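Participant:
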Amino acid sequence: SQQGEEDPQALSIQEGENATMNCSYKTSINNLQWYRQNSGRGLVHLILIRSNEREKHSGRLRVTLDTSKKSSSLLITASRAADTASYFCATVLSGGYNKLIFGAGTRLAVHP
Amino acid sequence: DAGVTQSPTHLIKTRGQQVTLRCSPKSGHDTVSWYQQALGQGPQFIFQYYEEEERQRGNFPDRFSGHQFPNYSSELNVNALLLGDSALYLCASSLEGVLGARETQYFGPGTRLLVL
């Protein structure tokens, strides 16, 4: 079974609105990463947050991590049609090599 | 700076056949990981190669094997193909030994395999 689970499975919003995606995981992690995938092609790394961090920002992206609840959220502010994609969270377990364990993803559609 | 490249982009095989997929890592990277992504699912880790050896493996049968060459490029071989092997196969590279670089994996565009 996969480590992470994203919520919601699908999200549809208008341009300019904010999009929030959540990720829950089961075991202790070294770090958690968010990736974007357009049209079933390669994944693009968005942001990494380590287990001792609580919040990180990158441009219009804001990621939070709550290790007590084993959950993370990705916020995309002022969304654009070009943000339409699938978003995946991936965890790296403590003590392991850099093996990414992905959730099933959130499919985001941003309408003009 | 060349990113991760994979070949071929698409492939159609029949059950029982064997397939080889290829990956060239991002320039300067020495670690290659392979993932399988079924339609509508997240990628699943197959294995990782470093210094020409498989050092970590996911929950995949021995029909899945790989190789890493001295130039860090890698191959994924799948024998006795099953219908369920139809998926997008993704290669990712990273740089061992440097904390930040090691943690960030760069993905190729993938090879879409269809088994009939």
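Protein chains in written order, with our numbering: chain A, 2 to 113; chain B, 328 to 443. Beta carbons: idealized from backbone N, C-alpha and C, even for Gly. Fair warning: this is a prediction, and the values are worked out from it, not measured in the lab.
#1: Going by alpha carbons, who is nearest to residue 365(B) out of 113(A), 60(A), 111(A) and 106(A)?
#2: Would you mind reading off the limits of the beta strand (DSSP E) that contains residue 406(B)?
#3: How would you call residue 359(B), buried or exposed, if buried means at least 16 neighbouring beta carbons within 10 angstroms?
#4: Taking C-alpha atoms, which residue in 103(A), 108(A), 110(A) and 112(A) lies nearest to residue 362(B)?
#5: Should residue 34(A) go down as buried or exposed, given a rule of 16 or more other Cβ atoms within 10 Å for buried?
#6: Could you tell me which chain B residues have their CB closer than 7 Å to the CB of residue 106(A), listed as they occur along the chain?
#7: Chain A beta carbons: is any one of them nearer than 7 Å to that of residue 363(B)?
#8: In whole angstroms, what is the alpha-carbon distance linking residue 67(A) and residue 36(A)?
#9: Got a sec? Which residues, its chain only, sit under 7 Å from residue 414(B) by beta carbon, not counting five neighbours each side?
#10: Mind checking the stretch 34 to 64 of chain A against chain B and listing, in chain order, the residues whose C-beta falls within less than 7 Å of any C-beta there?
#11: Quick check on residue 23(A) - is its C-beta less than 7 Å from some C-beta in chain B?
#12: Got a sec? Which residues, its chain only, sit under 6 Å from residue 344(B) by beta carbon, not counting five neighbours each side?
#13: Taking just the CA atoms, how far does residue 113(A) sit from residue 59(A)?
#14: What is the C-beta distance between residue 383(B) and residue 100(A), in whole angstroms, given that I count them as a contact (C-beta under 8 Å)?
#15: Between the stretch 372 to 386 of chain B and the stretch 430 to 440 of chain B, can you find at least three pairs of beta-carbon atoms closer than 8 Å?
#16: Within 10 Å of its beta-carbon, does residue 2(A) have 16 or more other beta-carbons around it, so buried, or fewer, so exposed?
#17: So, with DSSP's three-state summary, where would you put residue 43(A)?
Facilitator: Quick look at the numbers:
#1: Residue numbering aside, residue 365(B) sits at position 38 when the second sequence is read from its first letter. Per the Cα distances, 106(A).
#2: Here residue 406(B) is taken as the residue at index 79 of the second sequence, counted from 1. According to the DSSP assignment, residue 406(B) belongs to no beta strand (DSSP E), since it is labelled neither H nor E.
#3: Position 32 of the second sequence, counted from the start, is the residue given in the question as residue 359(B). Answer is buried; the Cβ neighbour count reaches 16.
#4: Reading the second sequence from its first residue, position 35 is the one you call residue 362(B). The shortest C-alpha separation from residue 362(B) is found at 103(A).
#5: Against the first sequence, residue 34(A) aligns to sequence position 33. Burial call: buried.
#6: Walking along the first sequence from the start, residue 106(A) turns up at place 105. Neighbours of residue 106(A) in chain B, taken as residues whose beta carbon is under 7 Å from its own, are 369 in chain order.
#7: Locating residue 363(B) in the second sequence gives position 36, counting from the first residue. Taking Cβ atoms only, chain A never reaches closer than 7 Å to residue 363(B), which makes this a no.
#8: Here residue 67(A) refers to the residue found at position 66 of the first sequence. Here residue 36(A) refers to the residue found at position 35 of the first sequence. Each residue's Cα considered, the two are about 19 Å apart.
#9: Your numbering for residue 414(B) matches position 87 in the second sequence. Sequence-distant Cβ neighbours of residue 414(B) in its own chain, meaning closer than 7 Å and more than five residues away, are 363, 364, 365 and 440.
#10: Closer than 7 Å at the C-beta level to chain B, one finds these residues of the stretch 34 to 64 of chain A: 41, 42, 43, 44, 46 and 49.
#11: As a position in the first sequence, residue 23(A) is number 22, starting the count at 1. No, its Cβ sits nowhere closer than 7 Å to a Cβ of chain B.
#12: By one-based count along the second sequence, residue 344(B) stands at place 17. Closer than 6 Å at the Cβ level, and outside the excluded window around residue 344(B), lie 408.
#13: Mapped onto the first sequence, residue 59(A) falls at position 58. Mapped onto the first sequence, residue 113(A) falls at position 112. Each residue's alpha carbon lies about 23 Å from the other.
#14: Residue mapping note: residue 383(B) aligns to position 56 of the second sequence, counting from 1. Residue mapping note: residue 100(A) aligns to position 99 of the first sequence, counting from 1. Between residue 383(B) and residue 100(A) a beta carbon distance of about 6 Å is seen, short of the 8 Å cut, so the two are scored as contacting.
#15: No: fewer than three Cβ pairs fall under 8 Å.
#16: On the first sequence, position 1 is the one that residue 2(A) refers to. Confidence at residue 2(A) is low in this model, with a pLDDT of 44, below 50, so its placement is unreliable and no value can be given for it.
#17: Here residue 43(A) corresponds to residue number 42 of the first sequence, with the count starting at 1. It is coil, neither helix nor strand.
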